[in-house]
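Those protein sequences? They're chains A and B, same order as listed. Note that the first sequence covers residues 1 to 338 in the working numbering. Note that the second sequence covers residues 1001 to 1338 in the working numbering. What follows is a set of notes on a single structure, which appears directly below.
There are 2 protein chains.
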Amino acid sequence: MGCSSADAKLAAETLLSADLRGIDSHGVARLSGYIRLWEVGRIKADPRISIIHESPSTAVVDGDGGLGLVVAPFAMQLAIQKAESAGTGWVSVQNSNHFGIAAVHAMRALDKDMVGIAMTNASALVAPTFSTERMLGTNPICVAIPAGEEPAFVADMATTTAANGKLEILQRKGEDTPEGWIQDSEGRSVTDAHALKKGGALLPLGGDREHGSHKGYALGAIVDIFSAVFSGANYGPWVPPFPAYVALPLDPPGKGIGHFFGAMRIDAFRKAEDFKYNMDNWIRRFRSAKPVEGQSRVLIPGDPEREAAAFRQEHGIPIHPSVWSDLDEVGQKFGIKL
Amino acid sequence: MGCSSADAKLAAETLLSADLRGIDSHGVARLSGYIRLWEVGRIKADPRISIIHESPSTAVVDGDGGLGLVVAPFAMQLAIQKAESAGTGWVSVQNSNHFGIAAVHAMRALDKDMVGIAMTNASALVAPTFSTERMLGTNPICVAIPAGEEPAFVADMATTTAANGKLEILQRKGEDTPEGWIQDSEGRSVTDAHALKKGGALLPLGGDREHGSHKGYALGAIVDIFSAVFSGANYGPWVPPFPAYVALPLDPPGKGIGHFFGAMRIDAFRKAEDFKYNMDNWIRRFRSAKPVEGQSRVLIPGDPEREAAAFRQEHGIPIHPSVWSDLDEVGQKFGIKL
Chain A
1 MGCSSADAKL AAETLLSADL RGIDSHGVAR LSGYIRLWEV GRIKADPRIS IIHESPSTAV
61 VDGDGGLGLV VAPFAMQLAI QKAESAGTGW VSVQNSNHFG IAAVHAMRAL DKDMVGIAMT
121 NASALVAPTF STERMLGTNP ICVAIPAGEE PAFVADMATT TAANGKLEIL QRKGEDTPEG
181 WIQDSEGRSV TDAHALKKGG ALLPLGGDRE HGSHKGYALG AIVDIFSAVF SGANYGPWVP
241 PFPAYVALPL DPPGKGIGHF FGAMRIDAFR KAEDFKYNMD NWIRRFRSAK PVEGQSRVLI
301 PGDPEREAAA FRQEHGIPIH PSVWSDLDEV GQKFGIKL
Chain B
1001 MGCSSADAKL AAETLLSADL RGIDSHGVAR LSGYIRLWEV GRIKADPRIS IIHESPSTAV
1061 VDGDGGLGLV VAPFAMQLAI QKAESAGTGW VSVQNSNHFG IAAVHAMRAL DKDMVGIAMT
1121 NASALVAPTF STERMLGTNP ICVAIPAGEE PAFVADMATT TAANGKLEIL QRKGEDTPEG
1181 WIQDSEGRSV TDAHALKKGG ALLPLGGDRE HGSHKGYALG AIVDIFSAVF SGANYGPWVP
1241 PFPAYVALPL DPPGKGIGHF FGAMRIDAFR KAEDFKYNMD NWIRRFRSAK PVEGQSRVLI
1301 PGDPEREAAA FRQEHGIPIH PSVWSDLDEV GQKFGIKL
């Protein structure tokens, strides 16, 4: 495509981290989609990423239309540098594209003894509470917190009841969704996993008003505003779609997709060893909470993905046949044999 | 009680703001509870609030066992000062008490052209996903974002499906809760509004695993860690209870209750007028999203509370007879006639 080899390596590592952690929807399965966006001129292979505004603890980065997999590590690195001098660093990004999983970016802070935060907006699939219109993306938030002897706390979540990847699994299996995941074009909660194609929308975390969907809507909105109103990216229904064949929204108020990153040095609050001692204590106490009957244990955020990564590191990463054939097609385009 | 008159005024303003915004559970109804905590020596009327650690963009505050209504404004003011010089300010607080509603603290940033953030931990009423044990408080998060001509975006939410105040309303009316709000002592979802008294627990936002309760659990956990592991306050099941007659947890790992505050100068990211122009555009676009049948409009976070405040400013604040009699009792204790 014309990426530098350093950028290509960085992007590949980010995609593989998703596959390793069991988030198959955000790993190499996305590669052919990125290529199609590049083919229609919506992703630049050799972006000139730059800082367009900054203060001691903040910056805004212009991703120059580059691949989010490359723009995001630049911005996260900048947040970490700001945190080294100012205690914390906060970077909002305009003019970027899909950045893969949030966790891989947030987790870059962990070995610096920092808390890492990553979020991104995405094209609109989610209806606000009381609306039939798709206004927000699944807008994930990741918060990664270092511990001492225990593995880090890593919460990485879409601000919807269920991430789009889970819906895709049900679609492939031909199964219905639980109530509270999705609504039809009239805003009625349905269990049809294909409702999105028929003008429906994903539901914010909570599902409906009685179960707190206004909170999921607010969380998705905060991600949108931090990622795009802080930076000058597109927001709400104007965020560019991932599929290259879907037309761009008209009259966009900003540039590309927006992200937001944070890094907080733990010793900017308290001696790192005291923080880690108490974080270990926090994790152990929660892990030892009494489980309900039928469950063997209470999980700490990040446990399932870390365990998936350990298993796949040893046993390999299963690749779905359709993903394999997509990769083969991409390989042929560039004269690379799988 | 021995509060300075400045502190008494500040605390009264904070309580009245809650009543004005329609959050009756966190207004003057709490006053008698604060007095009882002071009577048993768990709240200090004349605390020496101090900064015990800091960096250019961060600080940790020791509330010296003071009323949260007084400690929180000190800490929020410090976050704002840090943001003035460093772009953002982040303050974690130990050794505090109940701080009222989060919104009133976060909103102090708005007229400085800053985003304000406030969160607090609280005594354990909430079970993590898959657990029967109460491990977290309702741990609210407030994010207040200034706009230009539009009123500010103010999202203030407990990280549970429903705040405890909503449960108390159903208890008073003798009504059941919807599914997904509460579980019994065995971890089964129930609709008994009195299940907490029988060893049950509130449920994290999402309600159950299938509907994303692991996300609500993670959000509550992040609030707990930012408020207490950053600061040296108590966390998880060790957070001191609000009722003065409930014994303090044994072997506390920290001091008092913890809070966390943030202030982000909007012009540390982008010219304030550009931010406000786009924030107005964001708000207007979301407000104009198509409503579902039976609803007249789509709300922006903060709309209901702002409208309640406008109504009550004009028509007065209704006080429940039991709150009135509590206030009368407090008045008699201190020789003040209502």
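Ideal Cβ placement from N, Cα and C applies to all residues, glycine included.
Name, please, each residue of chain A whose Cβ falls closer than 7 Å to the Cβ of residue i.
i                  : result
Asn1281 of chain B : Pro253
Glu1150 of chain B : The contacting residues do not exist; Glu1150 of chain B stays about 12 Å from chain A at best.
Ile1145 of chain B : Ile225
Ala1289 of chain B : Pro128, Ser131, Glu133, Met135
Met1157 of chain B : Lys215, Ala218
What residues of chain B sit near residue i, judged by a beta carbon separation below 7 Å?
i                 : result
Phe286 of chain A : Pro1128, Met1135, Gly1236
Gln295 of chain A : Phe1130
Asn365 of chain A : Here chain A comprises residues numbered 1 to 338, so residue 365 of chain A is not present and cannot be evaluated.
Val60 of chain A  : Phe1269, Arg1270
Val298 of chain A : Pro1128, Phe1130, Ser1131
Out of the options, which one is the CA nearest neighbour of residue i?
i                  : options                                    : result
Asn97 of chain A   : A:Ala308, A:Asp326, A:Arg30                : A:Arg30
Glu1149 of chain B : B:Ile1283, B:Leu1016, B:Val1298            : B:Ile1283
Lys173 of chain A  : A:Gln183, A:Asp192, A:Ser185, A:Arg188     : A:Asp192
Gly1137 of chain B : B:Ile1257, B:Ile1052, B:Trp1324, B:Ala1289 : B:Ile1257
Gly1033 of chain B : B:Lys1337, B:Leu1338, B:Val1330, B:Ile1336 : B:Val1330
Gln1171 of chain B : B:Pro1128, B:Ala1152, B:Thr1160, B:Lys1197 : B:Lys1197
Cys1003 of chain B : B:Ile1035, B:Ser1025, B:Arg1021            : B:Ile1035
Ala1045 of chain B : B:Asp1064, B:Gln1094, B:Pro1056            : B:Asp1064
Asn95 of chain A   : A:Ser227, A:Tyr277, A:Ile182               : A:Ser227
Leu202 of chain A  : A:Pro151, A:Phe334, A:Asn139, A:Phe99      : A:Asn139
Ile1225 of chain B : B:Arg1188, B:Met1279, B:Ile1141            : B:Ile1141
Gly41 of chain A   : A:Phe99, A:Ser85, A:Ala247, A:Ala122       : A:Ala247
Ser131 of chain A  : B:Lys1337, B:Leu1299, B:Gly1335, B:Phe1334 : B:Leu1299
Ile266 of chain A  : A:Ile49, A:Glu54, A:Glu314, A:Ser85        : A:Ser85
Pro1073 of chain B : B:His1053, B:Val1104, B:Gln1332            : B:Val1104
Glu54 of chain A   : A:Pro47, A:Gly220, A:Lys82, A:Pro240       : A:Lys82
Val1223 of chain B : B:Leu1167, B:Gly1100, B:Thr1159, B:Pro1056 : B:Thr1159
Would a C-beta distance cut-off of 9 Å place residue i and residue j closer than the cut-off?
i                  : j                  : result
Asp113 of chain A  : Val70 of chain A   : no
Val1091 of chain B : Phe1260 of chain B : yes
Thr88 of chain A   : Thr1161 of chain B : no
Val292 of chain A  : Glu1013 of chain B : no
Met157 of chain A  : Leu205 of chain A  : yes
Gly165 of chain A  : Asp62 of chain A   : no
Leu67 of chain A   : Ile43 of chain A   : yes
Ala102 of chain A  : Thr120 of chain A  : yes
Ala289 of chain A  : Ala1218 of chain B : no
Ser123 of chain A  : Phe230 of chain A  : no
Pro1302 of chain B : Ala1152 of chain B : The question names Pro, yet the displayed sequence has Gly at residue 1302 of chain B. Yes, the Cβ-Cβ distance between Gly1302 of chain B and Ala1152 of chain B is below 9 Å.
Arg1270 of chain B : Gly232 of chain A  : yes
Could you pull out every residue in the same chain whose Cβ sits closer than 6 Å to the Cβ of residue i, ignoring the five residues on either side in sequence?
i                 : result
Pro249 of chain A : Trp238
Leu78 of chain A  : Ala59, Val91
Ala244 of chain A : Arg36, Leu37, Val40
What does DSSP give as the partner residues of residue i in its beta bridges?
i                  : result
Val115 of chain A  : A:Met264
Pro1291 of chain B : A:Ser131
Gly1174 of chain B : According to DSSP, Gly1174 of chain B bridges with nothing at all.
Leu1202 of chain B : B:Val1126, B:Ile1182
Ser189 of chain A  : A:Gln183
Phe275 of chain A  : DSSP, once it has assigned bridges, lists no residue as partnering Phe275 of chain A.
Ser1050 of chain B : B:Asp1062
Cys1003 of chain B : For Cys1003 of chain B, which the question treats as bridged, DSSP gives no partner whatsoever.
Phe334 of chain A  : None, per the DSSP bridge assignment.
Trp90 of chain A   : A:Thr58, A:Gly262
What residues of chain A sit near residue i, judged by a beta carbon separation below 9 Å?
i                  : result
His1211 of chain B : Thr161, Ala162, Pro178, Glu179, Gly180, Trp181, Leu205, Gly206, Gly207, His211
Phe1092 of chain B : It should be noted that the sequence gives Ser, not Phe, for residue 1092 of chain B. Under the 9 Å cutoff, chain A gives Phe269, Arg270.
Give every residue of the same chain whose Cβ lies closer than 7 Å to the Cβ of residue i, excluding the five residues on either side of it in the sequence, and list them in chain order.
i                 : result
Pro252 of chain A : Asn234, Trp238
Ala109 of chain A : Ile80, Val115, Gly116, Ala144, Ala263
Trp366 of chain A : There is no way to answer for residue 366 of chain A, as the model of chain A reaches only from 1 to 338.
Leu338 of chain A : Leu327, Asp328, Gly331
Can you list, in chain order, the residues of its chain whose CB lies under 8 Å from that of residue i, leaving out five sequence neighbours each side?
i                  : result
Val28 of chain A   : Leu15, Leu16, Asp19, Ile319, Val323, Leu327
Gly1022 of chain B : Pro1304, Glu1305, Ala1308, Ala1309, Arg1312
Ser1189 of chain B : Glu1179, Gly1180, Ile1182, Gln1183, Leu1203, Gly1207, Asp1208
Tyr277 of chain A  : Gly148
Which residues in chain A sit within 8 Å of residue i, going by Cβ to Cβ distance?
i                  : result
Ala1086 of chain B : Ser55, Pro56, Ser57, Ala86, Gly87
Phe1275 of chain B : Val229, Phe230
Cβ closer than 8 Å: which chain B residues qualify as neighbours of residue i?
i                 : result
Lys166 of chain A : In chain order: nothing, as chain B lies at least about 10 Å away.
Glu186 of chain A : Val1292, Glu1293
Pro301 of chain A : His1214, Tyr1217, Ala1218, Ala1221
Since residue i meets chain B, which of its residues come closer than 9 Å, beta carbon to beta carbon?
i                 : result
Gly33 of chain A  : The contacting residues do not exist; Gly33 of chain A stays about 26 Å from chain B at best.
Ala124 of chain A : Residues of chain B passing the Cβ test: none, with the nearest at roughly 10 Å.
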